[in-house]
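First up is the structure itself, then whatever we jot down about it.
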Amino acid sequence: MRYLVVISAVWCLSEGFRIDYRTSTEAAPEEKGEPLILTSYIQNGSISSGREASKVKPLVDGIVSYSGFFTVNSSSNGNLFFWYFPAENTPEEAPVMLWLQGGPGGSSMYGLFLEHGPMRLTEDFQLEKRPTRWTQNIHMIYVDNPVGTGFSFSDRQGYSKTEDQVSTNLYESLTQFFQLFPELVKNEFFVAGESYAGKYVPALADKIHRENPTAEVKINLKGLAIGDGVVDPMPMLGHTMADKPVFEVQNELSADHIDARFHHNLERQRQPKTEIELILNQYLNRADVQKQIHANGVDYDWLNFDVLNLLDKYDWNTPVTPWVEQLLSHCRILYYNGKIDNLIDYKSTEKFVNTLKWSGSEEFRTAKMTDWTVQGENAGNFKTGGNLTLVQVNKAGHMVPEDQPKWAYEMINKFVKNEPLM
Numbered sequence: 004m005r006y007l008v009v010i011s012a013v014w015c016l017s018e019g020f021r022i023d024y025r026t027s028t029e030a031a032p033e034e035k036g037e038p039l040i041l042t043s044y045i046q047n048g049s050i051s052s053g054r055e056a057s058k059v060k061p062l063v064d065g066i067v068s069y070s071g072f073f074t075v076n077s078s079s080n081g082n083l084f085f086w087y088f089p090a091e092n093t094p095e096e097a098p099v100m101l102w103l104q105g106g107p108g109g110s111s112m113y114g115l116f117l118e119h120g121p122m123r124l125t126e127d128f129q130l131e132k133r134p135t136r137w138t139q140n141i142h143m144i145y146v147d148n149p150v151g152t153g154f155s156f157s158d159r160q161g162y163s164k165t166e167d168q169v170s171t172n173l174y175e176s177l178t179q180f181f182q183l184f185p186e187l188v189k190n191e192f193f194v195a196g197e198s199y200a201g202k203y204v205p206a207l208a209d210k211i212h213r214e215n216p217t218a219e220v221k222i223n224l225k226g227l228a229i230g231d232g233v234v235d236p237m238p239m240l241g242h243t244m245a246d247k248p249v250f251e252v253q254n255e256l257s258a259d260h261i262d263a264r265f266h267h268n269l270e271r272q273r274q275p276k277t278e279i280e281l282i283l284n285q286y287l288n289r290a291d292v293q294k295q296i297h298a299n300g301v302d303y304d305w306l307n308f309d310v311l312n313l314l315d316k317y318d319w320n321t322p323v324t325p326w327v328e329q330l331l332s333h334c335r336i337l338y339y340n341g342k343i344d345n346l347i348d349y350k351s352t353e354k355f356v357n358t359l360k361w362s363g364s365e366e367f368r369t370a371k372m373t374d375w376t377v378q379g380e381n382a383g384n385f386k387t388g389g390n391l392t393l394v395q396v397n398k399a400g401h402m403v404p405e406d407q408p409k410w411a412y413e414m415i416n417k418f419v420k421n422e423p424l425m
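Sequential numbering from 4 applies to the sequence shown in our numbering.
This is the structure we're talking about:
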């Protein structure tokens with residue numbers, strides 16, 4: 004199956020599809036108000052007013068955040084939704100990280116609420132502070148990308164077909180973000196994501212690297228982190244998992260069930276599970292929640308199939324190798340994979356990184372995989388050569404931070420600090 008969407012069987016029901024398209028002519032329901040578009044504040048130089056307007060009334064005590072929309076393409080009414088959570092510790096020096104979900108067309112609210120954001124959504128629609136939140140030491144920005152995904156909206160003609168279009172819109176949103184929060188421009192910046200974001204992340208990083216020399220807002224790009232990511236099509240072919248216990252679990256299950264819930268590791272498929280993605284949709288479509296996060300009147304759907312279909316048709320075969328090889332000479336790159344990911348297996352990622360040609364190629368290829376332990380637990384193994392690190396995470400499927408939050412927290416913090424995992 005080519006589609007990389009993280010989707011449950013429940014989305015096959017008609018309720019899971021968004022049929023009407025948001026356009027500039029659609030009026031938001033009067034009682035809900037309008038979404039907060041911050042671009043005009045920036046253009047008018049009203050930075051303080053824009054920041055104040057974007058501040059979110061805490062949904063969980065002690066969690067400070069800002070949210071709203073940046074217009075990235077006025078001709079097609081293209082607006083990207085962001086939700087920013089400042090670092091809790093040493094915010095003056097803490098790195099800044101942009102998180103992008105995959106799909107394509109999957110909302111980054113999944114990563115926020117279900118993987119590593121400061122708050123997690125429970126099955127009874129309650130929010131609680133996440134113990135392994137990445138925001139403890141990192142400024143986290145979650146963006147619904149591309150336009151049309153999640154809360155982000157656009158006229159249909161503005162939907163992206165290529166990585167160039169995706170990265171152009173993302174770059175525009177980042178420049179506006181750093182104008183709204185200029186104190187963060189000097190901080191180290193990282194781009195991270197998973198699954199189909201294996202394309203978004205290097206494409207955006209390449210865009211930043213090319214624009215920086217002449218840009219008014221120079222982004223301090225230091226690294227990329229890609230989890231279970233899409234790479235070039237060819238390395239992803241011809242590999243199957245030979246792990247016998249995993250095969251036996253797989254054999255117990257129907258193919259339909261695996262296709263419906265492939266984003267979780269196979270061991271968990273045998274356990275009853277609430278459709279948490281459906282809960283996420285219901286929660287983020289509540290009028291009171293949308294009012295608090297300045298997304299008034301915007302239809303939220305965690306997955307947009309129109310975005311998915313366009314990128315699958317026009318973008319799937321776009322190679323990421325040229326971007327990654329170029330970037331390895333300038334910044335650190337982390338590729339990590341769940342050991343029992345049934346969609347993008349570790350061997351595909353390993354084959355891809357071993358074929359990269361750059362100044363540290365030989366050092367990386369000859370490096371030995373080393374056991375990785377976290378607080379005495381066998382978390383997986385890794386190797387580093389030059390600016391490139393490869394990690395295999397034990398007992399994790401397609402969404403490593405969801406399956407192994409403690410280990411993912413340790414991994415990402417070591418990476419941004421440029422410290423070895425061991």
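Ideal Cβ placement from N, Cα and C applies to all residues, glycine included. Note that the structure is predicted; figures quoted are calculated from it, not measured.
Here the alpha carbons of Tyr162 and Pro149 stand approximately 8 Å from one another. When DSSP assignments are scanned along the stretch 316–358, the uninterrupted stretches of beta strand (DSSP E) that are 3 or more residues long and fall wholly within it turn out to be 335–341. Between Val323 and Val233, the CB-CB gap stays under 9 Å. Under the three-state reduction of DSSP output, Leu424 falls in the coil class, being neither helix nor strand.
Burial state of Thr217 is exposed, judged by a 10 Å Cβ sphere holding fewer than 16 other Cβ atoms.
The bridge partners DSSP lists for Gln395 are Asn340 and Asn384.
Sequence-distant partners of Tyr199 (beyond 5 residues in either direction) whose C-beta falls short of 7 Å from its own C-beta, in its chain, are Leu7, Gly105, Gly106, Pro107 and Val233.
Per DSSP, reduced to three states, the secondary structure at His119 is helical.
With contacts defined by Cβ atoms closer than 9 Å, Leu101 and Val146 form a contacting pair. In this model, Glu366 and Val419 are separated by some 21 Å (Cα to Cα).
The beta carbon of Ile415 is closer than 7 Å to those of Trp137 and Ala228 in its chain, skipping five residues each way along the sequence. For Asn172, the uninterrupted alpha helix (DSSP H) run begins and ends at Glu166 to Leu183, by DSSP.
Under a 10 Å Cβ-count criterion, Arg159 is classified as exposed, with fewer than 16 other Cβ atoms of the shown protein chains found around its own Cβ. For Trp86, the CB contacts under 7 Å within the same chain, skipping 5 residues up- and downstream, are Ser68, Ser70, Leu115, Tyr145 and Ile296 in chain order.
Nearest in C-alpha terms to Gln46, of all of Ser170, Glu328, Ala399 and Thr178, is Thr178. Looking from the CA of Val403, the closest CA among Gly383, His333 and Ala56 belongs to Gly383. In this structure, the CA atom of Thr171 is about 20 Å from the CA atom of Phe184.
For Trp375, the pairing in a beta bridge is given by DSSP as Gly383. Setting aside the 5 residues that flank it on each side, Thr376 is surrounded in the same chain by Ala382, each with a C-beta closer than 7 Å to its C-beta; the list follows chain order. The three-state reading of DSSP puts Phe88 in strand, counting E and B together.
Taken through DSSP and simplified to helix, strand or coil, Pro216 comes out as helix.
DSSP, read as helix, strand or coil, puts Tyr412 in helix.
Taking a cut-off of 8 Å on C-beta distances, the stretch 188–195 does not touch the stretch 301–310, as fewer than three cross pairs fall below it.
Boundaries of the beta strand (DSSP E) harbouring Leu224: Leu224 to Gly230, taken from the DSSP string. Each of Asn140, Glu91, Leu62 and Leu83 was checked against the Cα of Met122, and the nearest Cα belongs to Leu62. Thr369: member of the alpha helix (DSSP H) spanning Ser364 to Thr369, first to last residue. If you draw a 10 Å sphere on the C-beta of Lys386, you find 16 or more other C-beta atoms in it, and that means buried. Relative to Thr392, the option among Asn288, Gly379, Leu424 and Glu405 whose CA is nearest is Leu424. Taking all protein chains shown into account, Glu96 has fewer than 16 neighbouring C-beta atoms within 10 Å of its C-beta and is therefore exposed. In this structure, DSSP gives Ala56 a helical state, which the three-state scheme calls helix.
A straight-line Cα-Cα distance of about 43 Å links Ile40 and Lys350.
For Leu331, the CB contacts under 8 Å within the same chain, skipping 5 residues up- and downstream, are Leu359, Trp361, Ser362, Gly363, Gly389, Asn390 and Leu391 in chain order. Look at Val310 here: in three-state DSSP terms it is helix. Where Ile144 is concerned, the enclosing beta strand (DSSP E) starts and stops at His142 to Val146. In the DSSP assignment, Thr74 falls within the beta strand (DSSP E) that extends over Tyr69 to Asn76. Shortest Cα-Cα distance from Tyr338 to any of Val204, Asn284 and Lys294 involves Val204.
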